[in-house]
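J.: First the structure, then my questions, so here it is.
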Amino acid sequence: MMQSDIINGLETALLLTLCVDDVVRAYGLTTYTVVRGCGQSSECNRKSLSNQFMTVEINTACCKADKCAPVAPIVSSGNANKNGLICPSCFSLTSSTCVPDTEIQCMGQETRCSTYSMSTTTNPPNPVLSMAGCATENMCSNYTGTATSSGIGQMNISIKCSNAKVSPS
């Protein structure tokens with residue numbers, strides 16, 4: 003193991019100082035998942051990502067004691083109001099990119115346009131999905147890197163964001 007690998011591992015371990023529970027709910031796909039792990043205080047909030055087919059909401063609860071159990075995160079009803087902003091939107095399974103073919107209305111705290119992709123960490127990586135649409139600011143700042151799913155295993159996640167446009171009305 004190289005010294006840089008050890009230093010990177012220690013930096014990552016020092017940053018992951020909280021126990022976190024994520025409740026992931028995908029409206030439109032009726033998916034509901036709870037994920038427990040370690041995280042940073044910047045992750046302890048609600049975030050969402052939407053396209054023309056679904057809204058994925060992640061609500062993260064945190065606690066700081068050793069082996070603690072965070073209070074169960076609250077899952078919203080999914081009834082956020084339109085906020086007057088729009089973004090290009092698309093969705094594709096088993097592809098690393100999708101081409102936006104429509105615009106969607108952003109909801110609630112979604113003020114950013116995003117492109118999101120997920121692929122396996124195998125060599126070569128296999129694309130799992132890609133999507134574009136609206137996102138909350140905290141989704142844009144917290145979700146690039148790797149994540150683990152019980153169904154798929156470890157995955158690479160990439161999200162890029164820009165400001166949403168005001169809807170012409």
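Numbering (this note's numbering), first residue to last: 3 to 171.
Even glycine gets a Cβ: it sits at the ideal position worked out from N, Cα and C.
Quick caveat: nothing in here was measured; it's all calculated off a predicted structure.
Alpha carbons only, please: which of 128, 88, 99, 66 is nearest the one belonging to residue 111?
T.: Residue 88 is the option with its Cα nearest to residue 111.
J.: In its own chain, which residues sit with a C-beta less than 7 Å from the C-beta of residue 127, not counting the 5 before and 5 after it?
T.: Cβ neighbours of residue 127 beyond the five flanking positions: 121, 158.
J.: CA-CA distance, residue 12 and residue 41?
T.: Caution applies to residue 12, whose pLDDT of 33 falls short of 50 and renders its modelled position unreliable; the model cannot decide the point.
J.: Assign residue 84 to one of three DSSP states: helix, strand, or coil.
T.: Correct three-state label for residue 84: strand.
J.: Less than 8 Å between the CB atoms is what I'm expecting for residue 169 and residue 107, so what's the real figure, rounded?
T.: That pair is a contact at about 6 Å.
J.: Count the other C-beta atoms from every protein chain shown that fall within 10 angstroms of the C-beta of residue 62, then say buried if there are 16 or more, exposed otherwise.
T.: Counting Cβ neighbours within 10 Å, residue 62 comes out buried, since at least 16 surround it.
J.: If you draw a straight line from the C-alpha of residue 68 to the C-alpha of residue 21, how long is it?
T.: Each residue's alpha carbon lies about 8 Å from the other.
J.: Mind listing, in chain order, the continuous alpha helix (DSSP H) runs of no fewer than 4 residues lying wholly within the stretch 108-168?
T.: Whole alpha helix (DSSP H) segments, 4+ residues: 139-144.
J.: Following the continuous beta strand (DSSP E) through residue 63, name the residue where it begins and the one where it ends.
T.: Residue 63 -> beta strand (DSSP E) spans 57-65.
J.: Going by beta carbon distance, what residues of the same chain come within less than 6 Å of residue 96, once the five residues before and after it are set aside?
T.: Closer than 6 Å at Cβ, skipping near neighbours: 129.
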